[in-house]
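K.L.:
In the working numbering, the protein residues as written are 30 to 232. The structure's right below; bear with me while I get my questions together.
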Ligand code: SF4
């Protein structure tokens, strides 16, 4: 696992649980509104030693309920399942944040019961993926992930960042149409500071 960030505690990122967050390195999207630009390249210089992560989790066992695995895109990490297994073995619940581009990875994690909550971002209507994620390569995978997660029986939510200058009200309607009935969809505020695209930083 390439982890380059650790937030020791959050009360808001894992619904109903007090959790820590790890941020994995590397992402296959280039969302112009991304505020985690330093995490996007597979850069081995800023990595946190995995032993340090497990030592931290061991020390916080009585204080925390869960671990959020965010990124970057965690599903790009080849040893994600093993990492989830060890975290769960320590007694933590695991929440996965994903952009939905790797449904095979999500399917495998679900099959092994290695995640307790999944938050998937639906960043754009499917015909506008290129504009909002920098790539249109993953439309089938995103469709598959939405369906898979909605039917998984695991706690989940779909999320969209309200990038007002880039998403119209019609786009928001089209995104809502992608969310299966019975699934929760949360629209999050856009934070312009540190956005990947300089033109968005002053909005
Ligand atoms: S916001 Fe987009 S580019 Fe940034 S980490 Fe998430 S999926 Fe990757």
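Each residue gets a CB set at the ideal place from its N, CA and C atoms; glycine is no exception. The structure displayed is predicted, hence computed values, not measured ones.
If you draw a straight line from the alpha carbon of residue 153 to that of residue 220, how long is it in whole angstroms?
P.N.:
Cα to Cα, residue 153 sits roughly 17 Å from residue 220.
K.L.:
Over the uninterrupted alpha helix (DSSP H) stretch that includes residue 177, give me the two end residues.
P.N.:
Note, residue 177: alpha helix (DSSP H), 168-179.
K.L.:
Start and end of the beta strand (DSSP E) containing residue 97?
P.N.:
Taken as a continuous stretch (DSSP letters only), the beta strand (DSSP E) holding residue 97 covers 95-99.
K.L.:
Residue 230: beta carbon under 7 Å from a heavy atom of ligand 1?
P.N.:
Outside the cutoff, so no.
K.L.:
Just checking my contact of residue 109 with residue 30 at CB under 8 Å: how many whole Å lie between their CB atoms?
P.N.:
At roughly 7 Å, the Cβ-Cβ gap stays under 8 Å, so residue 109 and residue 30 are in contact.
K.L.:
Which first and last residues belong to the beta strand (DSSP E) in which residue 214 is found?
P.N.:
Counting along the chain, the beta strand (DSSP E) containing residue 214 begins and ends at 214-218.
K.L.:
Check the DSSP bridge columns for residue 52 and list the partner residues they point to.
P.N.:
According to DSSP, residue 52 bridges with 34 and 99.
K.L.:
Helix, strand or coil for residue 46 per DSSP?
P.N.:
It is coil, neither helix nor strand.
K.L.:
Give the straight-line distance between the Cα atoms of residue 94 and residue 145, rounded to the nearest whole angstrom.
P.N.:
Between residue 94 and residue 145, the C-alpha separation is close to 11 Å.
K.L.:
DSSP state of residue 201, grouped into three classes?
P.N.:
Looking at residue 201 - three-state DSSP - the assignment turns out to be helix.
K.L.:
With burial defined as no fewer than 16 other Cβ atoms inside 10 Å of the residue's Cβ, what is the status of residue 156: buried or exposed?
P.N.:
Flag for residue 156 reads exposed.
K.L.:
At what residues does the alpha helix (DSSP H) containing residue 148 begin and finish?
P.N.:
Per DSSP, residue 148 belongs to no alpha helix (DSSP H); it is in the beta strand (DSSP E), 146-150.
K.L.:
Tell me whether the stretch 166-185 and the stretch 128-143 touch, counting them as touching only if at least three CB pairs, one residue from each stretch, are closer than 8 Å.
P.N.:
Yes, they touch.
K.L.:
Can residue 82 and residue 51 be called in contact, C-beta distance under 8 Å?
P.N.:
The answer is yes: Cβ separation under 8 Å.
K.L.:
Buried or exposed, going by whether 16 or more other CB atoms sit within 10 Å of the CB of residue 53?
P.N.:
With 16 or more other Cβ atoms within 10 Å, it is buried.
K.L.:
Grab the span of the alpha helix (DSSP H) containing residue 235 for me, first residue to last.
P.N.:
Residue 235 lies beyond the residue range present for the chain, which begins at 30 and ends at 232; the question has no answer from this structure.
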